[in-house]
Each structure stands twice: as structure tokens, then as C-alpha cells.
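Colleague: To start, I am sharing the structure in question, which I have written as C-alpha cells.
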Amino acid sequence: MRDTITIPLNSKESIIMASDNSGSIGMKAEDHVQVSYETVAYYSFRVAAMECIASGGEPFSVVLHNFCGDDSWSELVNGVQKGLAELNLGNIPITGSTESNFQLKQSAVGLVVLGKKPFDKITEKIFSNDLKFAVIGKPLVGNEVIEHAHEIVPLSTFRKVSNLQDIMVWPVGSKGILAEFNQMFPSNEFTKEMLGADLDVLKSSGPATCFIIAFEQNQEEAIKKIAAAFYHSITVN
48 MRDTITIPLN SKESIIMASD NSGSIGMKAE DHVQVSYETV AYYSFRVAAM ECIASGGEPF
108 SVVLHNFCGD DSWSELVNGV QKGLAELNLG NIPITGSTES NFQLKQSAVG LVVLGKKPFD
168 KITEKIFSND LKFAVIGKPL VGNEVIEHAH EIVPLSTFRK VSNLQDIMVW PVGSKGILAE
228 FNQMFPSNEF TKEMLGADLD VLKSSGPATC FIIAFEQNQE EAIKKIAAAF YHSITVN
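First residue of the sequence shown? That's 48 in my numbering, and the numbers climb one at a time after it.
The following block contains the structure:
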């Protein structure tokens with residue numbers, strides 16, 4: 048089950064709603080991770096946008112919930128716009144609200160991405176031994192996201208892979224690769240020992256620093272060409 052909600056819009060399209068939250072990450076004295084609010088919003092947008100696109104949605108609006116104070120709004124918007132630019136999405140409206148009555152001791156941000164999905168767009172696959180699997184990017188969390196930013200799969204790469212036909216993409220979140228793999232194919236039950244990879248399949252992937260892809264064998268070279276050094280093969284035993 049994906050981390051999105053699908054709402055029928057008309058006879059041809061559905062609305063895809065995807066969200067992300069972050070807490071204690073920002074510029075307040077008691078935040079556990081100290082980064083700019085532009086960075087906070089960029090990674091929060093990244094998670095929600097990847098979930099939306101992976102579910103077949105084409106983003107058309109962003110809603111921002113700001114609990115960091117009025118002064119942080121412009122930085123948060125800049126972070127969202129940075130992510131939109133990486134996805135080649137222009138003129139996407141950004142709206143939202145700021146909690147200005149009370150000052151929180153720690154930063155908090157919520158973000159929703161809305162997208163439209165054609166009814167005939169297929170984003171799922173049934174598990175088969177004939178399928179191939181890979182992780183694009185690397186699981187990173189906390190300060191690793193800043194210190195090892197070069198190992199995070201770019202949104203532009205995610206976009207190119209997602210545009211391929213007859214594939215299934217699945218962003219990896221805080222529960223790790225194994226947990227997401229089991230959500231991809233709920234009729235099966237996979238264990239750590241069943242997945243062969245050069246990555247830690249139990250580690251949190253924080254703000255979707257990587258994603259899983261399921262594809263046909265004849266697509267591997269095309270995917271490797273797009274993903275380059277971010278490509279990590281997964282075998283299922």
C-alpha cells in the first residue's frame with residue numbers, strides 16, 4: 048500500500064494526495080538537526096513529490112504547513128521551488144499557513160503535494176521471479192543527509208526513471224528497504240535474508256534518499272544508463 052490517497056476527480060482522472068512532516072529539524076536552538084529552512088522544505092517536498100509521482104500523479108499544487116514562525120516562510124517556499132525546478136515543474140502554485148500566535152521551541156513543517164493521475168495509468172506490478180529489482184540511491188538519515196548529499200538520488204534522476212514504461216517505483220522512507228519491499232508486494236513476505244544487496248535493507252532512508260524499482264529484464268541497461276552510480280542491484284532468494 049502506497050503512502051498516498053487517491054480521490055476520483057472525473058471520468059478520466061483522479062487526485063493523488065501525498066504528504067510529509069518534519070520535526071526538530073531547522074534553525075531553532077532545541078532542534079536536533081541544524082539546517083536552513085530552505086533545506087527542510089526541500090527534503091519535505093522531495094518525499095511528498097516522489098510519493099505522488101510514484102503513484103502516477105503529476106503534481107499541480109503544493110500546500111505548506113509552517114510551525115517555524117513568519118520569518119521562515121520565504122525560505123520554506125524557496126526550498127519547495129528548488130525541488131520543483133529539479134522536476135522541471137514550473138508555475139506550480141504554493142499555498143499554506145503559518146502558526147503565528149505561538150512560538151514553538153522546535154521547528155515543525157508539514158507539506159502536501161497534490162497531483163492528477165489518468166485512470167488508465169498503471170503503477171503496480173505483481174511479484175514474479177522474472178522481474179528484476181534495484182535500489183536507486185542510498186539510505187541516509189539525519190546528519191548523513193547533509194554530509195553525504197552526493198549519495199542521494201537526484202529528483203531529476205527519479206523523474207527520468209519514473210517516466211519509463213512498464214516499471215514500478217517505490218520511494219524508501221524511515222522504515223527501510225525491506226519494509227517498503229513488503230509493502231510493494233503485500234501478497235508475499237520477504238525477510239532480510241531473502242534480499243541480496245550491497246546496502247543495509249533495514250536502515251532508514253530519511254527523506255526518501257533512495258527508491259526501489261521493479262522492472263523487466265530487458266529494461267536493465269536503460270535504467271542503469273539513467274541511474275549511473277546510484278544503481279544498486281537487489282536479488283530475491
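Ideal placement from N, C-alpha and C gives every residue a C-beta, glycine not left out.
#1: Could you tell me the boundaries of the alpha helix (DSSP H) in which K271 lies?
#2: Starting from the C-beta of C99, find all residues in its chain whose C-beta is less than 7 Å away, skip the five residues before and the five after it, and write them out in chain order.
#3: Any idea if K152 is buried or exposed, counting beta-carbon neighbours within 10 angstroms, 16 or more meaning buried?
#4: Cα-Cα, which of I199, I173, F262 is closest to P233?
#5: Does the distance from the CB of V216 to the CB of I260 come in under 7 Å?
#6: Pick from S203, V156, G104: whose alpha carbon is nearest that of S91?
#7: So what does M97 bridge to, in DSSP terms?
#8: Could you tell me whether the Cβ atoms of S61 and K164 are closer together than 7 Å?
#9: Taking only runs that begin and end inside the stretch 187-232, name each unbroken beta strand (DSSP E) of 3 or more residues, in chain order.
#10: Would you report the Cα separation of A275 and E268, rounded to the nearest angstrom?
#11: By Cβ distance, which residues of its chain are closer than 6 Å to L187, with the 5 residues on each side in sequence left out?
#12: Distance, Cα to Cα, N235 vs R49?
#13: Tell me, which residues are paired with V248 by DSSP?
#14: Using C-beta distances below 7 Å, list every residue in its chain close to G143, excluding the 5 sequence neighbours before and after it, in chain order.
#15: Can you tell me whether G103 is buried or exposed, with buried defined as 16 or more other CB within 10 angstroms of its CB?
#16: Express the C-alpha separation of F166 and I141 in angstroms, rounding to a whole number.
#17: So what does DSSP say about E60, is it helix, strand or coil?
Modeller: Taking the coordinates as given:
#1: 267-274
#2: T51, I63, A65, P106, V160, G162
#3: exposed
#4: I173
#5: yes
#6: V156
#7: BP columns for M97 are empty, so no partner.
#8: Yes, Cβ-Cβ distance for S61 and K164 is below 7 Å.
#9: With a minimum length of 3 residues, the unbroken runs of beta strand (DSSP E) contained wholly in the stretch 187-232 fall at 215-218.
#10: Straight-line Cα distance between these residues: approximately 10 Å.
#11: H195, G253, T256
#12: 16 Å
#13: Per DSSP, none; premise fails for V248.
#14: Excluding sequence neighbours, G143 sits near V110, L111, H112, N113.
#15: buried
#16: 25 Å
#17: strand
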